[in-house]
Structures are given as C-alpha cells and as structure tokens.
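S.K.: Below is a structure I'd like to ask you about.
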Amino acid sequence: PAILNIIHMNEFIALFSEIGVIFLMFLAGLQTDLKELKRVGLAAFSSASFGVILPLFLGTVFSLYSGLGMSESLFVGAVLTATSVSISAQTLMELGKLRSKVGMTILGAAIIDDVFGIVILSLVIAFELGRGNTFSLLFRIFGYLFVAIILAKLFLKSYLNFFSKLKVSRPLIAGTIVLIIIYSWSAEVFGSLAAITGSYLLGAMVSLTEYNERISDRMSTLTYSIFAPLFFFSVGLYVERGGLETTLYFYALIIFLIAVLTKIIGCGFGAFITRFGFMDSLRVGIGMISRGEVAIIVATIGLTSSVLSRPIFSVLIVVAILTTVVTPILLRAVYRTQ
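Structure follows, in structure tokens:
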C-alpha cells in the first residue's frame, strides 16, 4: 500500500497497531520461562551475553561513524541485539535437532537474549525521552520495576483466580487485558519506560501461574487474528517508497553484515568457551541470527518514539527480513556437514 500510495497511516491503524505491539510483547513474556533460565546452564547464558554485547557495540559504533546521533546509534545497536528464535526452532525441529544440546542452548539463549534486549531498549527509551537528571530517572525505572514485580507476586494469582470464577463470557481474558493496559500505561507514566516493558514484565509474571497456558492460547488467538496483522501492516505503511535512500545502501549492507556476523561470532564464541566443539558453536551462532518480528517491534517503538528516523527504520526492517531468510538456509547448510 505504501509503494502504490493507496493507503496511508490513520488513527485507527495506529491505535490497533500499538495494541498489537503491547499484546505481542505480553505473549513474548508468557514464553519467557523464568524457571527455565535457572536450568539452561552456563552455555546459554554465555552465548546470549556475547550475542548481545557484540552487535550492540558494533552497531552503535558503525552508526556513529556513519553520522547518526548517539541516541539513534544506540537504538540501532539495541535492535541488532534482538533474536527471534521461532525460525531456528522450526528448522531444528524439521532436522530432528530441537532437543539436542545445540537446540536447547539456542532456545535458552534466546530467552536470556529477550530479557537483555528489553532492558537495553527500556534504558535507551528512558534516557532519550526521560525528564530530570540521571539519578531521578534511574530511581523511577528501578522503582517501577520493583513495585510492579512485588505487586504481581502478592496479588496476581488472587486477581486471576477472581476473574476465572466470574460467570460471564471470557472473564479471564477480560481481566488479563485490563492488567496489560494498566502495566503498559504505568510503565510509561511512572517508570519512564516503553509501554512494551510493562506488558512484557506482566507476561513473564503470568508465565509463573497455573493460568499460563489458558491465557496464552486465548490471547494468541485474539492477537494473531486481529491486532498483530494490523501491526505488521502498519510497519509496511511506515516503510515508504523513498524510505531507503540511495546513500543508505552501503549503510544497510554493513548493518546486515554486522547483524549476521556478530551473532555467529558472539554467540558462537560464548558456546565455544563453555566446551562446545567448533561446529556446534557455529550452529549455535547461526541459530541466533534471525531478528524477525522482535527487531521489527523494537524498531517500530524507536520510530514512534522519534528516536529513529524513517530511513534508518527502513534499513532495520530490511535487515530483520533478510536475517530471517538466511537463517534456515545457513542452519541447514552447517548440519549437512555431519
């Protein structure tokens, strides 16, 4: 639609796409098994750590060198830290390797990667849009996180129990949506954070309750049938015909190479130093390349928060799509060597 100049962004699409982002990140939080973090071991943590540090550093430095401002450069680096493991998981499942040592390390590292990515995104947004000095901003951020977690630990289970017993249609989902809105709103107003931080945090806390699967099934149906399609549709509207300028082709190429190589080297090195063989380390690194919907969500937050310009946003969307395309190809190739 953007290329043909048929449909333009309007308030309806913008509103529903914002709801879509919040719901998608809530579902991402639901899939963040906090108990699994304790079990995945050193290899997953090491792979995720190096797979976040390297793209964040190189993406930021190269963007600064290319003439971008500090905030925009940091946000580019933050987008490059993202990992969408769904494509890798599907490929590994088809190869019969999902439950292998490599497969479990990739899944575990992706969980940790998501947590790191949300923290980095939240800090960049907070310092870009925050008001007041650094100390007061940090106080608001950590104060919000502390209060939000404590309230969830104390009252979340009772809250969900209450709604699950109401004799009305879909009471549990209605109660969950109310809570998502409250957590998202309070993250922005009280914590100076992105709204998706609140929804992600709530999802992670709900994942610890016995209502996890029921809420996940019904929220997935609602999100992926209505709100998520509108969100991805809105992304296409943001990427206009003139979005990717000729002068940015070289920048886009280098950012794509950074996106691919930093995950292979960073995550692969993290696995290698925890006694993985060379080929298994390479497989872990390749399995973490795909940015997919996670990077698209983060980039969209950057654009709507006025941290990213539209040309740079367009570059990041193209990179996210390309990394998603090359990941299964490379992953199948390295398994053929067995």
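Residue numbers for the sequence shown follow our numbering, beginning at 1314 and rising by one. Ideal Cβ positions, reconstructed from N, Cα and C, are used throughout, including at glycine. Because the structure is a prediction, the values reported are computed rather than measured.
1) Can you name the start and end residues of the alpha helix (DSSP H) that residue 1627 belongs to?
2) Could you give the residue range of the alpha helix (DSSP H) that holds residue 1572?
3) Since I believe residue 1335 is in contact with residue 1508 (beta carbons under 8 Å), could you give me their beta-carbon distance rounded to a whole number of angstroms?
4) Exposed or buried, which one is residue 1316 when buried takes at least 16 other CB atoms within 10 Å?
5) Looking only at C-alpha atoms, which of 1491, 1521, 1390, 1340 sits nearest to residue 1632?
6) Are the stretch 1636-1645 and the stretch 1426-1441 touching, with three or more C-beta to C-beta distances below 8 Å?
7) Assign residue 1304 to one of three DSSP states: helix, strand, or coil.
8) Give every residue of the same chain whose Cβ lies closer than 6 Å to the Cβ of residue 1516, excluding the five residues on either side of it in the sequence, and list them in chain order.
9) Going by C-alpha to C-alpha distance, which of 1474, 1405, 1599 sits closest to residue 1524?
10) Quick check: residue 1392 and residue 1612, are their CB atoms within less than 9 Å of each other?
11) Excluding the 5 residues flanking residue 1368 on each side, which residues of the same chain have their C-beta closer than 8 Å to its C-beta?
12) Does residue 1410 pass the burial test, meaning 16 or more other C-beta atoms within 10 Å, or should it be called exposed?
13) At a cut of 8 Å, does the stretch 1600-1617 reach the stretch 1398-1408 through at least three beta carbon pairs?
14) Contact defined as beta carbons within less than 8 Å: I believe residue 1504 pairs with residue 1454. What is the distance between those atoms, to the nearest angstrom?
15) Indicate the three-state DSSP secondary structure (helix, strand or coil) for residue 1468 in the structure shown.
16) Grab the span of the alpha helix (DSSP H) containing residue 1490 for me, first residue to last.
17) With the cut-off set at 9 Å, would you say residue 1531 and residue 1486 are in Cβ contact?
M.R.: The relevant details are as follows:
1) Residue numbering aside, residue 1627 sits at position 314 when the sequence shown is read from its first letter. Element bounds for residue 1627: 1623-1648.
2) As a first step, residue 1572 is located in the sequence shown; it is residue number 259 there, counting from the start. Boundaries of the alpha helix (DSSP H) harbouring residue 1572: 1562-1585, taken from the DSSP string.
3) Taking the sequence shown and counting its residues from 1, one reaches residue 1508 at position 195. Taking the sequence shown and counting its residues from 1, one reaches residue 1335 at position 22. Contact holds; Cβ gap of about 6 Å.
4) Numbered from its first residue, the sequence shown carries residue 1316 at position 3. The pLDDT assigned to residue 1316 is 49, lower than 50, so where the model puts this residue is not dependable; a value taken from the coordinates is nonetheless given after this. So residue 1316 ends up on the exposed side.
5) As a first step, residue 1632 is located in the sequence shown; it is residue number 319 there, counting from the start. Of the candidates 1491, 1521, 1390, 1340, the one whose C-alpha sits nearest the C-alpha of residue 1632 is 1390.
6) Counting C-beta pairs with one atom in each stretch, the stretch 1636-1645 and the stretch 1426-1441 have fewer than three that are closer than 8 Å, which means they do not touch.
7) Residue 1304 is absent from the model: the chain starts at 1314 and stops at 1651.
8) Locating residue 1516 in the sequence shown gives position 203, counting from the first residue. Answer for residue 1516: 1339, 1342, 1343, listed in chain order.
9) Indexing the sequence shown from 1 puts residue 1524 at position 211. It is 1474.
10) As a first step, residue 1392 is located in the sequence shown; it is residue number 79 there, counting from the start. As a first step, residue 1612 is located in the sequence shown; it is residue number 299 there, counting from the start. For residue 1392 and residue 1612, yes; Cβs fall inside 9 Å.
11) Position 55 of the sequence shown, counted from the first residue, corresponds to residue 1368. Within the same chain, and ignoring the five residues on either side of residue 1368 in sequence, the residues whose Cβ sits closer than 8 Å to its Cβ are 1390, 1393, 1394, 1571, 1572, 1575, 1576, 1579.
12) In the sequence shown, counting from the first residue as 1, residue 1410 sits at position 97. Flag for residue 1410 reads buried.
13) yes
14) Within the sequence shown, residue 1504 is the residue found at index 191, counting from 1. Within the sequence shown, residue 1454 is the residue found at index 141, counting from 1. Sure, about 6 Å apart at Cβ, within 8 Å.
15) Position 155 of the sequence shown, counted from the first residue, corresponds to residue 1468. In the structure shown, residue 1468 sits in a helix (DSSP, three-state: H, G or I).
16) Translated into the one-based positions of the sequence shown, residue 1490 becomes position 177. Following the DSSP letters along the chain, one finds residue 1490 inside the alpha helix (DSSP H) bounded by residues 1484-1502.
17) Position 218 of the sequence shown, counted from the start, is the residue given in the question as residue 1531. Position 173 of the sequence shown, counted from the start, is the residue given in the question as residue 1486. Yes, these two residues count as a Cβ contact at 9 Å.
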